[in-house]
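Peer 1:
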Amino acid sequence: MQNIPRSVHVTIAVFLFFLFVCGFDEATDIILFLITLLNIMVVWMVYSVLRFEYVSPYAFQERFYEDVDNKRIKDEDE
0 MQNIPRSVHV
10 TIAVFLFFLF
20 VCGFDEATDI
30 ILFLITLLNI
40 MVVWMVYSVL
50 RFEYVSPYAF
60 QERFYEDVDN
70 KRIKDEDE
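According to numbering that gives the first Met the number 0, the sequence shown is numbered sequentially starting from 0.
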């Protein structure tokens with residue numbers, strides 16, 4: 000779990016809290032605040048994941064979606 004930025008964990012935790020709060024009809028102001036906050040947090044999460052400095056040691060052609068057993072199907076044109 001050390002290779003996942005902290006923003007992913009925080010955003011998921013706030014989203015789960017949002018789902019919990021949605022079960023109560025009286026908390027409309029909190030729900031609206033969390034919707035606004037989650038939009039900002041999703042942008043923050045995507046930005047931090049894209050900027051995360053993890054370089055895979057494998058090339059795309061070596062590991063097609065990390066499925067070593069499934070080789071790519073060659074085009075008929077090749």
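The beta-carbon is built from N, C-alpha and C at its ideal position, and this holds for glycine as well.
Suppose you measure from the CA of Tyr53 to the CA of Ser6; what does that come to, to the nearest Å?
Peer 2: About 15 angstroms.
Peer 1: Short of 8 angstroms in beta carbon distance, which residues of its chain neighbour Pro4, apart from the five on each side in sequence? Order them along the chain.
Peer 2: Answer for Pro4: Met44, Ser47, Val48 and Phe51, listed in chain order.
Peer 1: Roughly how many angstroms separate the alpha carbons of Phe32 and Ile39, rounded to a whole number?
Peer 2: So the two alpha carbons sit approximately 11 angstroms from each other.
Peer 1: Output the distance between the C-alpha atoms of Val9 and Asp24, rounded to the nearest integer angstrom.
Peer 2: The alpha-carbon atoms of Val9 and Asp24 are separated by roughly 24 angstroms.
Peer 1: Locate the alpha helix (DSSP H) running through Val54, then write down its first and last residues.
Peer 2: That residue, Val54, is in no alpha helix (DSSP H); it is neither H nor E in DSSP.
Peer 1: Compare the Cα-Cα distances from Val13 to each of Gly22, Tyr57 and Leu36 and report the closest residue.
Peer 2: For Val13, the nearest C-alpha among the options comes from Leu36.
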